[in-house]
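Per this note's numbering, residue 15 is the first one in the sequence shown, and the count goes up by one each step.
Note that CB positions come from ideal geometry on N, CA and C, so glycine has one too.
These numbers come from a predicted model, not from an experiment.
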Amino acid sequence: VVGANNEAEAAKIARSVASSSLVKAAVYGRDPNWGRIACAAGYAGVPFNLNELRISLGDILLMDGGQPLPFDRVAASSYLRKAGEVHGTVEIQISIGNGPGWGQAWGCDLSYDYVKINAEYTT
């Protein structure tokens with residue numbers, strides 16, 4: 015996340031996106047769903063101008079100026095598959111303005127097996 019007022023705000027947005035169950039499920043399902051990413055950024059509670067929101071998956075620009083862009087869904091889905099399976103890392107880039115703050119967070123996807131394993135045992 016770049017363009018925040020400070021690093022704390024950028025990190026808060028990054029953690030919100032990385033921890034979002036809907037974003038995790040989209041990554042696992044290879045669904046380039048910009049709406050889930052934008053929603054998770056908004057859930058962070060950090061004020062930003064929606065008209066400055068920019069979202070990319072790797073080098074594929076999905077949203078700019080707060081507006082969804084036409085993009086190659088097959089290529090974006092392929093990026094999610096290849097980045098996850100080959101490199102082990104999917105890069106979601108978010109810009110929220112022109113501030114000096116930047117931050118990053120690491121997360122994981124949400125697979126069927128993860129949900130099943132964690133649903134089948136009690137503590």
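When C-alpha distances from A28 are compared across V60, D73 and A89, the shortest belongs to V60. Spatial neighbours of L94 in its own chain (CB-CB distance under 7 Å, excluding positions within 5 residues in sequence) are listed in chain order as V41, R44, P46, L71 and V104.
For the region 56–123, the continuous beta strand (DSSP E) assignments of 3+ residues that do not extend past its boundaries occur at 68–71, 74–78, 106–109 and 113–116, in sequence order. The region 117–131 and the region 64–80 do not touch, with fewer than three beta-carbon pairs separated by less than 8 Å. The alpha-carbon separation between A22 and G117 amounts to approximately 8 Å. For D127, the uninterrupted alpha helix (DSSP H) run begins and ends at Y126 to A133, by DSSP. Following the DSSP letters along the chain, one finds R29 inside the alpha helix (DSSP H) bounded by residues E21 to S33.
Beta-bridge annotation (DSSP): A18 is paired with G115. In terms of Cα proximity to R50, the closest of N112, A119, S33 and P114 is S33.
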